[in-house]
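**Student:** Input: one structure, supplied below.
Residue numbers (my numbering), protein chains in the order written: chain A, 18 to 502; chain B, 18 to 502.
Next comes the structure, spelled out in structure tokens:
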């Protein structure tokens, strides 16, 4: 069955790229590490073999927290570079997202169903899938195809960890915007929102940043009573009226998240990743905000509301704003929140240094919130460091960590070379995994350079691999000569 | 509470070594990789801090399939070398063995209880325990203590995998008699029994090997009817009479296992590891067998029975032979059998090349047997290779694999240097992890050399570690100068 991801092509504002895949499924053990049950489930993956010629590499995207077709449509770099490497392209869906639901509609119903959602289980899924691909696309000489892992954001964390934990499964990893240092004791919790603030000040304006900074008190003041809350709800075109302080907190969280998302996806061209947006959306947002004149509190809220429409209503088709969500439903927010309460515990806080309301990070409160929401608690804050090593990458090899510095997640990224084998690429004008997106004539030079760096690294890994198994033959020479550093 | 392992000192035939420990427990998550339950259990570990001076290393034994105190009493190398390294000695018990039973008496009652027994869960236990030890024995400058992993047999596999999977937790591993190549497609299945046979022929005699080779048919012939089976049972002093072909198969398996065990523990001095035994037990066994004259089938069986008493009744206190077990009850045979059906699937077979009855390896039959016994099946034969990489150790570092070539498990061991960082040590006269045992004046030279090699490697890893964190200070210099290669 051929799967056409048409949705990305239908509207003018969306990316012009639309990639074609075959959708496949693999039967996967539910639990790779215990033997209490022998249940299995169907994991989805997408394959494009247009450019593939054996014994060329497999470009393997380690899917993250969402429908895999969304990531496939937003990771054009793999398609742009596959022809010169004659690569097979595979996008693997992360368990519990998209259609890879182990218990169908019940998958999110309780910890006994949802508990098999973890990064470790997902990594093992990818190892099993790669093993299966090796059989499906066998060269015939018994030699394995070299597999290169790719991933952005949480997917980037997974691609680097796949190389670290299962180095025999992949010859290297391109980990873009992968905040593997966003864990306890490695990155200060206030870094994240500080970056968002700097980006609004530097790419928007000082005035824009100050208006946002002021808005929290203004909104809380106006929303002190029912009348004020109704006013705020109406000005911001909310789908349901804010009725309590709890509702108000949800609204303010929603606004914070929109500012954060704008920094993440501040690409120089129109794109549709979290939401359909114009190019340079922060500049557009701040230009709008700065241009609206106001004389009182309601005026300020109105100005913010107008600017927010850049994010919430760029298509002019949003009837009202649902403050329960800030991004496409393709992104599995609920699953990610569960993971944040189990194995992906990332301390983040706001202080006076940023434009957001102060929000201290308190692990005990965090744990309580998790228990209330999902009936689970983080075992302890160190789980991800115990499992993946935190910032001790001494023995790691063949990983490129790239980061766009406009991206708040870059604060928890690997920003310095660790060794000759684990390197960092910085894109000062880049946003969240800009380098993994399809090439665009508006790309900044740093993003273009990052992509070239990736290709050279991949070629070098391939050269080593072919040398190891075939000696000085055409495959080895091809890569060794073509991509000399 | 102080735990005195007195049992090892009471009888004349036992090792003269008796080590002293404090017994401790750590609360451990039952499942490190899923979040369906937040259950925990008490994992036992033994600590000896007699020689420990900060910031010296931790010698961490990754416990295998049995009561940890048995391994502690049979791993004297750690005690013999701890004084010069001023090391803290820790022996960690493997979950589901000894007293580390997650569900108490119910632990082995069903897959839903027993299913959390896996090598991956055990490795994570060790990482959590090491993390806890880092807090308990903190230096004060925030710097971690360097931890060196040690293990013999399955424990050796675990120590090498601990370094491979969690390289930030241990600076290196001494993996003795660790058959990490005893998996599908890496080592031919007939290697194991071929080695046992060679050892009986070379250290015993050709006659001895031939008698054993002949005995299977002889016993089957005699045991064709009730009368014959009763005769065999009586001659071999069995606790219960062999009544069926099934019983007979159990008897022959028991005999095979004794020959195998004799090869494993063929130490040059009396020892008490699997069973109390004299020095060079295969020579003693074969001398006995060869010296008994016989003229018919019953005579041959009687000769075998007499020789077997070397193994089964060296203490002269065994009233009868229980064919359900071949080793001390401290060894968790049932747990190991479960692991052999889940994550430690090691193909082993007998052919005409060895002295045992032909036993082909058939994965389907194996899987059926597992299901019958434990209500589980191996997911597939490749599980251990997918999880640990098989013989692809390209990115591994700081591991010594040592093997005694008398040991049948050496066939699945790492017998060649993989790189400058992953080295092999061969002991042509050594048995199963001879090098990890306490020094003895009867040690062969290769075993003594292996221990010296380990110490140099450990010193070199420590030198690198201290250099990395402290620069050119006394700790670094101490190890860099003292153990120059």
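Positions of the beta carbon are idealized from the N, C-alpha and C atoms, including for glycine. This structure is a prediction, so every number in the text was calculated from the model and none was measured.
Please go through the stretch 146-182 of chain B and give each complete alpha helix (DSSP H) segment of 4 or more residues, from N-terminal end onward.
**Tutor:** 171-182
**Student:** How far does the alpha helix (DSSP H) with residue 267 of chain B in it reach, from first residue to last?
**Tutor:** 262-281
**Student:** Which partner residues of residue 416 of chain A appear in the DSSP bridge assignment?
**Tutor:** A:190 and A:439
**Student:** Examine chain B for any beta-carbon lying closer than 8 Å to the beta-carbon of residue 440 of chain A, and answer yes or no.
**Tutor:** no
**Student:** Can you pull the chain B residues whose beta carbon is under 8 Å from the beta carbon of residue 182 of chain A, in chain order?
**Tutor:** 182
**Student:** Taking all protein chains shown into account, decide if residue 56 of chain B is buried (16 or more other Cβ within 10 angstroms of its Cβ) or exposed.
**Tutor:** exposed
**Student:** Does any residue of chain B have a CB that is nearer than 8 Å to the CB of residue 46 of chain A?
**Tutor:** By this cut-off, residue 46 of chain A is an interface position.
**Student:** Check this for me: beta carbons of residue 36 of chain A and residue 90 of chain A, under 8 Å apart or not?
**Tutor:** yes
**Student:** Residue 167 of chain A CB to nearest chain B CB: under 8 Å?
**Tutor:** No, residue 167 of chain A lies away from the interface with chain B (no Cβ there is under 8 Å from its Cβ).
**Student:** Drop a sphere of 10 angstroms on the beta-carbon of residue 250 of chain A, count the other beta-carbons inside from all chains shown, and report buried for 16 or more, exposed for fewer.
**Tutor:** buried
**Student:** Is it true that the CB of residue 275 of chain B sits closer than 8 Å to the CB of residue 343 of chain B?
**Tutor:** yes
**Student:** Considering only the alpha carbon of each residue, which of B:85, B:63, B:88 and B:138 lies closest to residue 51 of chain B?
**Tutor:** Measuring from the Cα of residue 51 of chain B, the nearest candidate turns out to be B:138.
**Student:** What's the gap between the Cα of residue 49 of chain A and the Cα of residue 141 of chain A?
**Tutor:** 7 Å
**Student:** With 8 Å as the threshold, decide whether the Cβ of residue 138 of chain A is near any Cβ in chain B.
**Tutor:** yes
**Student:** So, with DSSP's three-state summary, where would you put residue 335 of chain A?
**Tutor:** coil
**Student:** Is there contact between the stretch 61-78 of chain A and the stretch 163-181 of chain A, where contact requires at least three CB pairs shorter than 8 Å?
**Tutor:** Yes: the two stretches touch, three or more of their Cβ pairs being nearer than 8 Å.
**Student:** When DSSP labels each residue in this structure, what does residue 62 of chain B get in the three-state scheme?
**Tutor:** strand
**Student:** Could you run through the stretch 377-408 of chain A and flag, in chain order, every residue whose CB is less than 8 Å away from some CB of chain B?
**Tutor:** 393, 394, 396, 399, 403, 404, 406 and 407
**Student:** Among all the DSSP beta bridges, which residues are the ones paired with residue 76 of chain B?
**Tutor:** For residue 76 of chain B, which the question treats as bridged, DSSP gives the partners B:106 and B:165.
**Student:** Does the structure place the stretch 153-161 of chain A close enough to the stretch 60-75 of chain A that three or more beta carbon pairs sit under 8 Å?
**Tutor:** yes
**Student:** Quick check on DSSP: helix, strand or coil for residue 488 of chain A?
**Tutor:** DSSP places residue 488 of chain A in coil when its eight states are reduced to three.
**Student:** To which residues does DSSP link residue 44 of chain B through a beta bridge?
**Tutor:** B:59
**Student:** Relative to the alpha-carbon of residue 428 of chain A, which residue among A:465, A:452 and A:364 has its alpha-carbon at the smallest distance?
**Tutor:** A:364
**Student:** Please classify residue 30 of chain A as buried or exposed, where buried requires at least 16 neighbouring CB atoms within 10 angstroms.
**Tutor:** Note on residue 30 of chain A: pLDDT 39, under 50, position unreliable in the model; the coordinate value appears next. Exposed: under 16 other Cβ atoms inside 10 Å.
**Student:** What's the C-alpha gap between residue 574 of chain A and residue 47 of chain A?
**Tutor:** Any property of residue 574 of chain A remains undetermined from this structure, which presents chain A solely from 18 to 502.
**Student:** Using 10 angstroms around the beta-carbon of residue 459 of chain B, count the other beta-carbons present and answer buried if the total reaches 16, otherwise exposed.
**Tutor:** Classification of residue 459 of chain B: exposed, given that the 10 Å Cβ count is below 16.
**Student:** Can you give me the Cβ contacts of residue 464 of chain B inside the same chain, cut-off strictly under 6 Å, excluding the 5 residues immediately before and after it?
**Tutor:** Taken in chain order, the residues that qualify are 444, 447, 451 and 452.
**Student:** If you scan the stretch 367-410 of chain B from start to end, which runs of the alpha helix (DSSP H) of 4 or more residues do you find wholly inside it?
**Tutor:** 380-391 and 400-405
**Student:** Should the stretch 344-364 of chain B be regarded as contacting the stretch 381-397 of chain B, the criterion being three or more beta carbon pairs within less than 8 Å?
**Tutor:** yes
**Student:** Give the interface partners of residue 412 of chain A over in chain B, defined as CB-CB distance under 7 Å, in chain order.
**Tutor:** Correct list: 184 and 414.
**Student:** Check distances from the C-beta atoms of the stretch 110-142 of chain A to those of chain B and list, in chain order, the residues that come in under 7 Å.
**Tutor:** Listed in chain order, the positions of the stretch 110-142 of chain A with a beta carbon within less than 7 Å of a beta carbon of chain B are 128, 129, 132, 133, 135, 137 and 138.
**Student:** Got a sec? Which residues, its chain only, sit under 6 Å from residue 20 of chain B by beta carbon, not counting five neighbours each side?
**Tutor:** Low confidence applies here, because residue 20 of chain B scores a pLDDT of 30, under 50, leaving its location unreliable and the question unanswered by this model.
**Student:** Looking at the C-beta of residue 204 of chain A, does it have a partner C-beta in chain B at a distance below 8 Å?
**Tutor:** Contacts with chain B at 8 Å (Cβ-Cβ) do not include residue 204 of chain A.
**Student:** With a 10 Å radius around its C-beta and 16 neighbouring C-beta atoms as the bar for buried, classify residue 121 of chain B as buried or exposed.
**Tutor:** exposed
**Student:** What separation, rounded to the nearest whole angstrom, lies between the Cα atoms of residue 32 of chain B and residue 115 of chain B?
**Tutor:** Its pLDDT being 46, under 50, residue 32 of chain B is placed unreliably in this model, and the coordinates cannot settle the point.
**Student:** Does the separation of the CB atoms of residue 471 of chain A and residue 191 of chain A fall below 8 Å?
**Tutor:** yes
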